[in-house]
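Student: Residue numbers (the numbering used here), protein chains in the order written: chain A, 214 to 364; chain B, 214 to 364.
Don't be surprised by glycine CBs; every beta carbon is placed ideally from N, CA and C.
2 protein chains.
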Amino acid sequence: MPRDDLPSAAEGGIPPETSDADRFTNARAIRSTALFEDYTELIADLSEEFGEARITDIARRLGVTHPTANKAVLRLKREGLVNSRPYRGVFLTEAGAAMARAVKARHRLVVRLLIAVGVPAEAAEMDAEGIEHYVSETTLRAFEAYLNSKG
Amino acid sequence: MPRDDLPSAAEGGIPPETSDADRFTNARAIRSTALFEDYTELIADLSEEFGEARITDIARRLGVTHPTANKAVLRLKREGLVNSRPYRGVFLTEAGAAMARAVKARHRLVVRLLIAVGVPAEAAEMDAEGIEHYVSETTLRAFEAYLNSKG
DNA sequence: TTTGAAATATAGCACGTGCTACATTCCCGT
DNA sequence: ACGGGAATGTAGCACGTGCTATATTTCAAA
Ligand SMILES: [Mn+2]
Ligand SMILES: [Mn+2]
Ligand SMILES: [Mn+2]
Ligand SMILES: [Mn+2]
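1. Closest to K363(A) by CA distance: which of L326(A), L353(A), E335(A) and V348(A) is it?
2. From the DSSP output, in three-state form, read off L305(B) for me.
3. In this structure, how does DSSP classify S297(B) when only helix, strand and coil are distinguished?
4. Taking 8 Å as the cut-off, decide whether the C-beta atoms of A313(B) and E342(A) are in contact.
5. Would the C-beta of H320(A) count as close to ligand 2, meaning under 7 Å from any of its heavy atoms?
6. Quick one: does R274(B) have its CB under 8 Å from some CB of chain A?
7. Just to confirm, is the Cβ distance from R267(B) to G302(B) under 8 Å?
8. Name, going along the chain, the residues of the region 268-295 of chain A whose beta-carbon falls closer than 9 Å to a beta-carbon of chain B.
9. So, for T278(B): in the same chain, excluding its five sequence neighbours on each side, which residues have a beta-carbon less than 7 Å away from its beta-carbon?
10. Roughly how many whole angstroms lie between the Cα atoms of T351(B) and G276(A)?
11. Express the C-alpha separation of A282(A) and E262(A) in angstroms, rounding to a whole number.
12. Give me the Cα-Cα distance between T231(B) and L255(A), rounded to the nearest whole angstrom.
13. Which partner residues of A311(B) appear in the DSSP bridge assignment?
14. Closer than 9 Å by beta-carbon distance: list the chain A residues that pair up with A234(B), in chain order.
15. Is the CB-CB distance between D233(A) and R274(B) below 8 Å?
16. Could you tell me the boundaries of the alpha helix (DSSP H) in which P280(B) lies?
17. State the DSSP-derived secondary structure class of R216(B), mapped to helix, strand or coil.
18. Is there a Cβ of chain B sitting closer than 8 Å to that of V316(A), yes or no?
19. Which same chain residues, not among the five before or five after Y359(B), have their C-beta less than 8 Å away from its C-beta?
20. Buried or exposed: R319(A), going by 16 or more other Cβ atoms within 10 Å of its Cβ?
21. To the nearest angstrom, how far is it from the Cα of A257(B) to the Cα of L289(B)?
22. Roughly how many whole angstroms lie between the Cα atoms of T238(B) and G293(A)?
23. If we define contact as Cβ-Cβ less than 8 Å, is E239(A) a contact residue for chain B?
24. Could you tell me if the beta carbon of V332(B) falls within a distance shorter than 7 Å of some heavy atom in ligand 2?
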């Protein structure tokens with residue numbers, strides 16, 4: 214039977230529109246896609262710079278070892294985000310390229326917003342790498358509106 | 214030997230102050246502490262509401278199963294952030310309470326900042342749950358300054 | 001054309017973070 | 001005081017994300 218020496222968490226509160234659990238569940242879901250977002254964005258950058266994305270370059274840019282990058286690329290492949298053949302470069306699929314575009318746009322917008330509210334550029338760049346993944350469409354549009362309403 | 218049919222990533226660029234790898238490494242480090250931050254903040258909330266934090270309540274608020282919460286609490290304990298005895302509640306240590314205070318302050322500040330730049334309250338609450346963990350001290354101070362410079 | 005160093009791949013370890021299934025303990029109502 | 005349902009704990013699975021060590025492949029210089 215439920216305890217009742219202490220007030221139950223289930224009773225006594227107006228049911229909030231968004232429960233705590235919803236927020237945390239949302240954050241967990243995003244956490245599991247954040248790595249893919251960073252990879253696709255990076256692969257897009259490398260492809261533009263060098264014409265292809267090599268495992269070694271991916272690993273060095275991310276600050277991980279090659280085996281880690283290689284394993285991640287296999288997961289990206291399984292998810293249909295990249296194409297790759299052994300000992301060759303990694304290339305984004307259409308889905309991967311679409312993700313890369315979205316992530317890059319978000320990344321830039323977050324940095325711009327942070328700088329606009331007075332965050333030093335250095336810190337803005339650093340923090341944006343994590344923040345970007347958690348910014349919803351709604352928030353993104355608000356950032357855009359805010360930046361447009363300025364100089 | 215290095216390829217040279219394509220320009221190497223190592224050459225040809227001014228060494229940037231903060232490398233890409235630094236940003237990603239920083240984000241990875243934060244990701245590994247984000248869960249602890251959410252737990253300590255939540256345990257502080259439950260302790261204030263009910264006088265103690267029970268595993269079941271923690272699990273329900275986070276939207277995970279009890280075994281998951283239980284295992285996480287064991288990790289928190291190992292890290293010296295909580296005290297707990299079998300079949301009893303979970304209590305923050307001084308270190309845990311300090312973390313909870315810092316995280317809660319950050320959480321609130323992030324929500325306020327988001328709302329201040331025009332993000333709807335609902336989205337601000339949702340996004341802040343992920344964003345909060347990646348906001349550095351520098352950025353935090355910038356947020357404070359920005360909010361003080363407003364009504 | 002041979003060959004060796006760089007690049008890439010694979011094997012296997014550690015640990016985190018989730019789950020389900022099952023065991024144990026607690027404590028309220030009777 | 002005791003019986004049973006709720007709470008808590010534990011075992012074990014899956015998979016992600018990192019690592020080191022080792023094997024394999026590629027390609028440009030000799
Ligand atoms: Mn990122
Ligand atoms: Mn990014
Ligand atoms: Mn959080
Ligand atoms: Mn929080």
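Tutor: So, from the listed chains and residues:
1. L326(A)
2. strand
3. strand
4. no
5. yes
6. yes
7. yes
8. T269, D270, R273, R274, L275, G276 and V277
9. A272
10. 23 Å
11. 19 Å
12. 16 Å
13. None; A311(B) has no bridge partner.
14. R273, R274, L275, G276 and V277
15. yes
16. H279 to R291
17. Because R216(B) carries a pLDDT of 33, less than 50, the predicted location of this residue cannot be relied on, and the following value inherits that uncertainty. Three-state DSSP puts R216(B) in coil, outside helix and strand.
18. no
19. L326 and A329
20. buried
21. 13 Å
22. 26 Å
23. As written in the sequence, residue 239(A) is Asn, which differs from the Glu given in the question. At least one chain B Cβ lies under 8 Å of N239(A).
24. no
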